[in-house]
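Number of protein chains: 2
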Amino acid sequence: MRYSQLFAKTLRRPPREAKIASHQLLIKGGLIDRALSSGIYSFLPLGWRVMKKIEKVIREEMNAIGGQELFLPSLHPRELWEETGRWQNYVPPLLKLKDQHGHGFCLAPTHEEVIADLCRRFVHSYRDLPSAVYQIQNKFRNETRATGGLLRVREFIMKDLYSFHQDEKDLDKYYQKVYQAYEKIFERCGLKAEAVEAFSGSIGGSFNHEFMLFSSSGEDKVAVCDKCDYKANLEKGEFARRDINSKDKLLPLKDVYQPKEIDTIEQMAKFFKLPKERMLKDVLYKGSDGRYHVVIIRGDLAVNETKLAAALGIDSVSSGTEVDLKKLGTERGSVPVKGLKGAHFIGDLSLKTVKNFVGGYKRASKELEWENTNLNRDFKVGKLIDVAEVYDGAVCARCGAKLKLKSAIELGHVFKLGTKYSKQMGAKYLDKKGKKQLVWMGCYGIGLGRLMAAIVEAYHDKKGIVWPESVAPFQAHLLAIGKTKKTASQADDVYQKLKDVGVDVLYDDRQDVSAGVKFADADLLGVPIRLVVSEKTGKKVEWKKRDNQKTEFLNLQEAIRRLGKNL
Amino acid sequence: MRYSQLFAKTLRRPPREAKIASHQLLIKGGLIDRALSSGIYSFLPLGWRVMKKIEKVIREEMNAIGGQELFLPSLHPRELWEETGRWQNYVPPLLKLKDQHGHGFCLAPTHEEVIADLCRRFVHSYRDLPSAVYQIQNKFRNETRATGGLLRVREFIMKDLYSFHQDEKDLDKYYQKVYQAYEKIFERCGLKAEAVEAFSGSIGGSFNHEFMLFSSSGEDKVAVCDKCDYKANLEKGEFARRDINSKDKLLPLKDVYQPKEIDTIEQMAKFFKLPKERMLKDVLYKGSDGRYHVVIIRGDLAVNETKLAAALGIDSVSSGTEVDLKKLGTERGSVPVKGLKGAHFIGDLSLKTVKNFVGGYKRASKELEWENTNLNRDFKVGKLIDVAEVYDGAVCARCGAKLKLKSAIELGHVFKLGTKYSKQMGAKYLDKKGKKQLVWMGCYGIGLGRLMAAIVEAYHDKKGIVWPESVAPFQAHLLAIGKTKKTASQADDVYQKLKDVGVDVLYDDRQDVSAGVKFADADLLGVPIRLVVSEKTGKKVEWKKRDNQKTEFLNLQEAIRRLGKNL
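Chains E and Y supply the protein sequences, listed in that same order. Anchor point for the first sequence: position 490 equals 490 in our numbering, and the numbering is continuous, going up by one each time. Anchor point for the second sequence: position 315 equals 315 in our numbering, and the numbering is continuous, going up by one each time.
Shown next as structure tokens:
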């Protein structure tokens, strides 16, 4: 490819909204366009070459584990998503539209409904199982906030694999295969991805992992134990609740004065001159089951909504609004630990670590609060569960060491769906005895654009991208340096020879730009091997790796040999 | 691939709604699923293999003419389409939706707006021209009526190429290249596509062709002259207006009695005992320019709306409604040839062929009509233009022979956009003299799913599909026939050897179905070469081509040699 003919060349500067390296470099290099609308990107020819290489790696590994490629639509009829309740409950809300006849459709963010529908019509007998299908296809997400370039977008290309099995054992076996295939994919792309325990939520199942790349640009947080190697995301991260004073004697419950201005846990702790962990926090949530749930938790901890929904066995929860509070006869800051009709009370594990809490029964109008509030004596909860969000410095539940919170990019997700969708949609097969059984399902995703951005986050320096060979847009970048006709014709000749032997080469043949610009563009674009033809190189070519400062003068034959070809 | 492991196997019968061969066979063979919703299809593993082969052919030919592959989004912001006026005027109406913030988007049926936006930001100088980019990407169309399986759909994968040029001459040169590349693509897919002159419409430009496959299942009509080889679609087809009585003397205009029940041209002609061509027809249209246009045409001819819009230089026209007629002070059946304030009058070329028309000034309430109505004496029109739809048996405008109307499937479209979009969106470049010039553009599309269906329409028999080698889902289909363990193990062995040497083979290893079912499925799926291992074949394999009845017994080595591989 001659650079002069390339559609969409490098830019002098990245757009102002680009804050992280991958966003800046991909746009500056002309690999992607600036956002057409928030979180919606065009892949330009250079970027699309990288995407195609990533696609090839993924396709090879999916085929290697028996995945059969297919292609499903993006427009899904409303009725299908109503069967699983996700027409209403999907988070973030589905992008919905109507056709000319007024029929409702959504733009698919994922394909469980369509695939389970295929499964219930095409899988009849145990003889049809196991099988696995995948697609590489555009997905849509109605994100409120799309930032970080290709890391969080509203339209994106995803590889989604779905597998079907007779039983849990067979699903678990295949899950391990996919897990290993994912490790290979990320490794082939040059990334060291860490498998992290992830949220299973209402879907259930014992295996569920996210593949994370630790990166300061990552928008996800992972709790990591340096000692025992425990890793989990915020929505799953378990930690031991530090004991505060659980051996203390119970003191008598009493009303104490609390000025009505006191609103937050911080203010309370300061006023009562006690640490935050001695305060009792009550939070109202509305569940996707339509019920109100009051979570009671130690004052220093925060509730993780995903953990909460998972613990409740429902799809999602959202914070109670002023309207909800009013409906229950209370108001913000005054959710009591007991006596709220129509609400379901649950407690975090941390309640066991404290005796004589302050809080739980604020009456703002009377400027009163409880002191020495104690679980089981003064209030009761349905059960004590793990709904607190892990934090930097929390105690590892496995080994007692300290957990660290690290930023990470989620590269992939392997998910044991179990029988959730086959149950909801009636996907059954006849077993060997002729009995109908639910099909066991797994789903496994990788976002291709995010993977490309993650590679750039991991492989760049001040000058630009430093592509790993496996996904580089070209093998070699040839520069013609110098204004003489002789140099140009020599460079043309080298270009032709490289093409003839099958080297995938980008040739900077521009006559109207300086050597400095060409060198800077080569560093920015990050093709692994830079070749220079100039007056200085004579009959040789200058060879330089992007990730190394050393330059060498080589015969063309030797350069071609190093590029894995023969002259 | 073992057939037993294939997701989505053949069906016993196609769905009732499938009327044409490709729709029936693709579904029955398990290549595509029945419609998820009208005009929305899933490609199952076998069908997706065919699509991937078609994609490869197209990609190779696009790369060969310097096309650079990229990938553009499907969600387009409203503002972009408002720049060209197509947010409102696109036909059929765009599929529109809103995001969480209430911003309007459409689902792209085509990408001129996005590509012209890229062009105005990335193409600066004559040095950046020419260039051509393409994508293979999902498109969306809000079709009212989606029928004929993959022939007319609402979501479809399309290859769309866009080219950018300094001037019309360079565009024309590239247009010819694409034209030839298209001929190669269809030829490689086994199809004899005919390039047909097509509607240029408001976009203008002298070159504009559709590539048509003549087929009884086609939903398009093409006028074909057997003598001079003229071919054009209905929206473009020109024909000579047969002279009726243009040499007659003008008779005096007069009012004649016409019963108020008379409503159609047929009724008029019968009542006046004259041929339809002596009747004068007046039709009201509303243009996308917001104006009313009255078309006056000979009674035996029909107006083609696309031709009319093109002749008027506007995007589209639609039939005047009762409301429109009322607004102009008239009613259905009584559009007069003169005196309608606010309407623009134009006439078809056919008006010149008749003297002394009947019609043009019906007053239903008085049961009166005009007789001996003559152009220029009794009424005037802005201009006489070609707006009549060509019909079977019309006279060829080029050679005077008779035109035939044939059914056809549109496989591709090459379109000279000229400077329409670059003007509307400001895509300019600096020429060698430093002067700003509009970029000349072309666009060129092929629908991949429709192409697959067209191949099936052209290549099938009573038993099923007969794939051309180039796009067959597999090279060979191996059947294990017989219930003995020995046969099964021999067949397994042949399968392994075929795979080892790189033959792309589907292996029907099913133990639970009869030989008859396997043979029928092989005929249905239409893989070019059928290989059988049975008790009868001994150490040989039975070789049969799908398009031939002859069977042969071959050594495996010879079979492999014929499949282009070496043992």
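No residue lacks a Cβ here, since even glycine has one placed at the ideal position from N, Cα and C.
Below 8 Å between beta carbons: does that hold for residue i and residue j?
i	j	result
E/LEU31	E/LEU11	no
Y/ASP282	Y/GLY360	yes
Y/GLU367	Y/THR306	no
Y/ILE58	Y/ILE446	yes
E/HIS209	E/TYR174	no
E/LEU403	E/VAL224	yes
E/GLY149	E/SER22	yes
E/ILE314	E/VAL381	no
Y/PRO109	Y/LEU94	yes
Y/SER246	Y/LYS177	no
Y/LEU554	Y/VAL541	yes
Y/PHE211	Y/VAL390	no
Y/LEU506	Y/MET51	no
Y/VAL513	Y/ILE560	no
Y/ILE157	Y/ILE136	yes
E/TYR292	E/LEU328	yes
E/VAL527	E/TRP467	yes
Y/SER215	Y/ALA408	yes
Y/LEU340	Y/VAL387	no
Which partner residues of residue i appear in the DSSP bridge assignment?
i	result
Y/PRO77	Y/PHE105
Y/ASP255	Y/TRP370
E/GLY516	DSSP lists no partner for E/GLY516.
E/LYS402	E/VAL395
E/ASN208	E/PHE415
Y/ALA165	Residue 165 of chain Y is actually His in this sequence, not Ala. Y/TRP440, per the DSSP bridge assignment.
E/TRP87	For E/TRP87, which the question treats as bridged, DSSP gives no partner whatsoever.
Y/TYR134	Y/GLU69 and Y/LEU161
Y/ASP348	Y/ILE385
E/ASP508	E/LEU479
E/ASP220	E/ALA408
Y/GLU155	Y/PHE140
Y/ASN233	Y/VAL222
Y/THR551	Y/LYS544
E/PHE122	In DSSP, E/PHE122 forms no bridge with anything.
Y/SER37	Y/ILE40
E/LYS98	E/GLY104
Y/LEU213	Y/ILE409
E/LEU375	E/PHE379
E/ALA240	E/VAL395
Since I believe residue j is in contact with residue i (beta carbons under 8 Å), could you give me their beta-carbon distance rounded to a whole number of angstroms?
i	j	result
E/PRO77	E/PHE105	6 Å
Y/VAL395	Y/ARG242	6 Å
E/LYS508	E/TYR3	The sequence given here places Asp at residue 508 of chain E; Lys does not occur at that position. Their Cβ separation, rounded to whole angstroms, is 4 Å, which keeps E/ASP508 and E/TYR3 in contact under 8 Å.
E/SER131	Y/GLN5	6 Å
E/GLU155	E/ASN138	6 Å
Y/VAL133	Y/LEU70	5 Å
E/LYS227	E/CYS399	5 Å
Taking 7 Å as the cut-off, is the CB of residue i close to at least one heavy atom of the ligand MN?
i	result
E/GLY149	Annotation note on the ligand MN: not contained in the displayed structure, which lists no ligands.
(message) Please identify, using Cβ separations under 9 Å, the residues of the region 137-168 of chain E that lie next to chain A, in order along the chain.
(response) Absence of chain A from the displayed structure is noted, the protein chains being E and Y.
(request) Using a Cβ-Cβ cut-off of less than 9 Å, list which residues of the region 511-526 of chain E approach chain Y; keep chain order. (result) GLN511 and ASP512
(request) Please name the residues in the region 50-80 of chain Y whose beta-carbon is closer than 8 Å to at least one beta-carbon of chain E, in chain order. (result) MET51, LYS52, GLY66, GLN68, GLU69, LEU70, PHE71, LEU72, PRO73, SER74, LEU75, HIS76, PRO77 and LEU80
(message) If we require 4 or more residues per run, which alpha helix (DSSP H) segments fall completely within the region 257-329 of chain E?
(response) 265-272, 305-312 and 322-327
(request) Identify every run of the alpha helix (DSSP H) within the region 404-490 of chain Y, keeping only runs that are complete inside it and at least 4 residues long; order them along the chain. (result) As for any alpha helix (DSSP H) of minimum length 4 sitting wholly inside the region 404-490 of chain Y, the runs are 420-425 and 448-458, ordered along the chain.
(request) With 8 Å as the C-beta to C-beta threshold (strictly closer), list the residues of the region 7-19 of chain Y near chain E in chain order. (result) For the region 7-19 of chain Y, the set of residues with a beta-carbon nearer than 8 Å to any beta-carbon of chain E comprises PHE7, ALA8 and LYS9, in chain order.
(message) Counting only Cβ-Cβ distances shorter than 9 Å, please list the residues of the region 91-111 of chain E near chain Y, keeping chain order.
(response) PRO92, PRO93, LEU95, LYS96, LEU97, LYS98, ASP99, GLN100, HIS101, HIS103, PHE105 and LEU107
(request) Check distances from the C-beta atoms of the region 19-45 of chain E to those of chain Y and list, in chain order, the residues that come in under 8 Å. (result) GLY30, ASP33, LEU36, SER37, ILE40, TYR41, SER42, PHE43, LEU44 and PRO45
(request) Note down, in chain order, all residues in the region 288-302 of chain Y with a beta-carbon under 7 Å from any beta-carbon belonging to chain E. (result) none
(message) So if I threshold CB-CB distances at 7 Å, which residues from the region 115-135 of chain Y count as touching chain E?
(response) LEU118, PHE122, ARG127, SER131 and VAL133
(message) Taking beta-carbon pairs under 7 Å, can you tell me which members of the region 437-453 of chain Y lie near chain E?
(response) Listed by position along the chain: nothing, the set is empty.
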